[in-house]
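Novice:
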Amino acid sequence: MADITRIYYNKLVRDNIPDMIRAKRINCEYYQITDPQEFQQELFKKIKEEAASLSSARTREEFLNEYADLMMALNTIM
0 MADITRIYYN KLVRDNIPDM IRAKRINCEY YQITDPQEFQ QELFKKIKEE
50 AASLSSARTR EEFLNEYADL MMALNTIM
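First residue of the sequence shown? That's 0 in numbering that gives the first Met the number 0, and the numbers climb one at a time after it.
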């Protein structure tokens, strides 16, 4: 029997990310946050993560991608 490796990402992802993972024939499980307070807490974590990624971007393309991710998170919280 093959060993199964599980990887956990305890963070928010965009709606289509699980489908993109499954398209690569990788099993993907997730849960949807229904509690508004929990969602807000996770969104603040996401904003911090994206801000850190933005500050460490090395190329213009990386910067623009991280900037877009940060703006999406900020727009969601407003």
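The beta carbon of each residue, even a glycine, is placed where N, CA and C say it ideally should be.
Remember, it's a predicted structure, so these values are computed and weren't measured experimentally.
Are glutamate 65 and leucine 53 close, meaning C-beta to C-beta below 7 Å?
Specialist: Yes, Cβ-Cβ distance for glutamate 65 and leucine 53 is below 7 Å.
Novice: Mind checking which residues open and close the alpha helix (DSSP H) that includes glutamate 49?
Specialist: 35-54
Novice: Within a Cβ cutoff of 8 Å, which residues of the same chain sit near proline 17, ignoring the five residues on either side of it in sequence?
Specialist: Cys27 and Tyr29
Novice: Relative to the ligand SAM, is the shortest distance from any of its heavy atoms to the C-beta of serine 55 smaller than 6 Å?
Specialist: The ligand SAM is absent from the structure shown, which contains no ligand whatsoever.
Novice: Assuming leucine 69 and isoleucine 32 make a contact with CB atoms under 8 Å, what is their CB distance in whole Å?
Specialist: No, leucine 69 and isoleucine 32 are not in contact; Cβ-Cβ is about 20 Å, not under 8 Å.
Novice: Do glutamate 41 and leucine 11 have their beta-carbon atoms positioned less than 7 Å apart in this structure?
Specialist: Taking 7 Å as the Cβ cut-off, leucine 11 and glutamate 41 qualify as a contacting pair.
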